[in-house]
Structure formats: structure tokens, C-alpha cells
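Read through the structure below, which is laid out as C-alpha cells, and then see the notes.
In my numbering, the protein residues as written are 90 to 436.
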């Protein structure tokens, strides 16, 4: 494990970057600021490594980071309609940081503060943070941790844990934007995707699912047969027009106690391929439709919409407000554990 000081927080605290690597040239760097993923270097078909996730060149850009580059989104990923929910007969009000809705836990999420660090082994690190009762509008004092492992077969394994002293919400996710050609090299429209899903949670005009399950087989949103993201991203299809591309929760069927393969991303240009494994009931496919052209990324590359694609494993957006959806509730005194794996290879 390598580590280096990378800057200061707004309060003058040290931001430290930690790097885990294996013998084949695969390496991942993390920040104690937010427990966020900073870089993922992966060899291509010719053995040349490149950073395949988007991010910023300078530490201070992570203090705002509206696109959530590399973020460990906790306690709650994605949108909650009306920025409110009811649990155990009590209605809780959240930050309205996405129009009238709450997005990624509001204005002061855990990915915008320093986390404690445990250096477990040369290829494993754990970050932990504490959320006080009613922080971000959520009930319960909650201990949260994320353990990152880099394996010999080029996988990044992510295990989240949450333990609260009151019933609350817990829906963590990773918000890395992947570009297997290398960050800053252009858009991802030629990247090919496969998803083990035949339905999405349809969204309204404000990007909020309200309960409709939409069968997408044979539509421009169907990835049960691998195809390029650019094939139909601009199709005349209502759900795509609402989101300006793909930004939808694909429903997964996960056998109890298993972490199966649910998605793949491949890049014909570099030969790199990524597999996604999870135990969560959904994955948000997001093609970076709202990336700002003002964002100056690593290597001083100017980013633009669709320069990266996210696979955010999670419960459905707004699930707590839809009776028919599985609910991301963490019962008092019960530790919730969930794992996602991003595994890289060449084809």
C-alpha cells in the first residue's frame, strides 16, 4: 500500500491518497476525503495501463463535485421524491438539492467529509464514518464503513456496512464514471453493455419512479443482448428523452446470499472489459448526460456529457415512497452488509 498527502480540506485537515495494487499493473487509489475512488489503472490488450475513471486534478474540486465523480455515496444513493419519506408513522424532511427532490443524501453527504482509515493489508483498506441522529434528515446514530479490496485477478471489491441505533435508510452506492478507453479520451458511446435485466423502474418527468415497472424487452433500453451505448441513446423513446439518455434503475433478480454477474462493459478500442457483480436488487445505468463541459478533469482534460458511464448498484430510487418496491431500511441494531465488485480483463 502506498499513501501520500494530497492537499487540505476547507478546514485545513490533511487529505490523504491511498493506493492499492497487484502484480499485473492493476491499481486503485482512494481518498480519505469521502472514502471516494480517485483512480483505477487497468492494462489494455497491449499491456498499457490507463486510468479508466473520471475525476478531478485538484483536491478542492471535490468539495463541490456536483457530478459525484468517484463518490462513495452514503447513507442514501439516488433520488427520493419530494425530499421526504415516512417511516414508522413519522415523516422525515430531507434537503431539496435536486429541484424538489433529494439526491445522493443532500447538501452534506458523507462523501464530503474526512473518514477514518484502517490499513488492513497491502491490498485492502477500510474507511469508516459516523452519522449523528438526524444528520441529513435521517434518523439514528449510524456507523458506516466501506472496505475496498484489490485482488490478484484485477477486481475491485467494495463492501459497505451500516449499523444504526434507530430504524433508518441505508442505500449506499459507488458513483464512479467508467471510460475503458481512458479518462479524458472522449465519449463512451462505442462502449458495449450487457445487463441481466428485462425491466426498469420507469421515471416521471422529474426523474422519480412512482411504481410503474416497464418491460423494456425489444426497446431501445434493452441490453439483454450486448450492444453499444450509442446505438439507441438518442432514440425517440419517452424514458430516454426524459433523462437525456440512460439514467434508469434496471431491476435485478438476485438469489438469496449470492453476488452474481449482473452487467458487463466492454471497449472494442482498448480491449478492456469490466464485469459488475452485486447483491443489490437494482443497478442505475447512467451515461453521464449531465456532465458539465466546465469540469476540468485529471490531466487537465475538459470533460463533456457522456464521457463516462456509471453502474450504481442499489435499491430503486424513491423506493421508500413506493409500497411495491423493496425498501432500503436498516432496522435498529441490525448491521446491513452489501457487496459490489468491478472486475477488469481484456477480450
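The beta carbon of each residue, even a glycine, is placed where N, CA and C say it ideally should be.
- Rounded to the nearest whole angstrom, the C-alpha separation of residue 436 and residue 163 is 34 Å.
- Using a Cβ distance threshold of 8 Å, residue 207 and residue 386 do not count as a contacting pair.
- Residue range 336 to 340 is occupied by the beta strand (DSSP E) that includes residue 340.
- DSSP, reduced to helix, strand and coil, places residue 231 within a strand of the structure shown.
- In summary, residue 403 is buried, with 16 or more beta-carbon neighbours lying within 10 Å of its beta-carbon over all protein chains present.
- Taking a C-beta distance under 8 Å as the contact criterion, residue 297 and residue 156 do not qualify as a contact pair.
- Pairwise C-beta distances place the stretch 218 to 227 out of contact with the stretch 90 to 106, as fewer than three of them are shorter than 8 Å.
- Per DSSP, residue 331 is one residue of the alpha helix (DSSP H) stretching across 327 to 332.
- Across the set 360, 340, 359 and 361, the C-alpha of 340 shows the shortest separation from the C-alpha of residue 374.
- Beyond the five residues adjoining it in sequence on each side, residue 187 comes within less than 7 Å, by CB distance, of 168 in the same chain, given in chain order.
- A residue is called buried when at least 16 other Cβ atoms come within 10 angstroms of its Cβ; residue 293 does not meet this threshold and is exposed.
- Within the stretch 156 to 239, the runs of beta strand (DSSP E) that reach at least 3 residues and sit entirely inside it are, in chain order, 160 to 162, 173 to 176, 179 to 182, 205 to 210, 213 to 220 and 231 to 239.
- The beta carbon of residue 333 sits closer than 6 Å to the beta carbons of 378 from its chain, once the five residues preceding and following it are set aside; these are given in chain order.
- By the neighbour-count criterion, in which 16 or more other beta carbons inside 10 Å mark a residue as buried, residue 325 falls on the exposed side.
- Of the residues 101, 399 and 123, the one whose Cα lies closest to the Cα of residue 265 is 399.
- For residue 264, the enclosing beta strand (DSSP E) stretches over residues 262 to 264.
- Judged by DSSP secondary structure, residue 375 falls within the beta strand (DSSP E) whose first and last residues are 371 to 375.
- The DSSP-derived three-state label of residue 415 is coil.
- Looking from the CA of residue 349, the closest CA among 285, 262 and 213 belongs to 285.
- Judged by DSSP secondary structure, residue 435 falls within the beta strand (DSSP E) whose first and last residues are 425 to 435.
- By the 16-neighbour rule on beta-carbons within 10 angstroms, residue 426 is exposed.
- Residue pairing by DSSP places residue 403 opposite 371 in a beta bridge.
- Rounded to the nearest whole angstrom, the C-alpha separation of residue 128 and residue 406 is 27 Å.
- Within the DSSP secondary-structure output, residue 94 pairs in a beta bridge with 105.
- Within a 10 Å sphere around the beta-carbon of residue 198 sit 16 or more other beta-carbons, which makes this residue buried.
- Along the stretch 262 to 294, the beta strand (DSSP E) occurs as fully enclosed runs of 3 or more residues at 262 to 264, 281 to 284 and 288 to 292, listed in sequence order.
- The straight-line gap separating the alpha-carbon atoms of residue 419 and residue 135 is approximately 45 Å.
- In this structure residue 253 is in contact with residue 231, their Cβ atoms being roughly 4 Å apart against a cut-off of 8 Å.
- Nearest in C-alpha terms to residue 212, of all of 109, 355, 394 and 392, is 109.
- Residue 260 places its beta carbon 8 Å or farther from that of residue 159.
- Counting other Cβ atoms within 10 Å of its Cβ, residue 382 stays below 16 and is therefore classed as exposed.
- Judged by DSSP secondary structure, residue 247 falls within the beta strand (DSSP E) whose first and last residues are 244 to 253.
- Residue 318 sits in a helix when the DSSP states are folded into three classes.
- Between residue 291 and residue 100, the alpha-carbon positions lie close to 42 Å from each other.
- Of the candidates 327, 152 and 370, 370 places its Cα closest to the Cα of residue 338.
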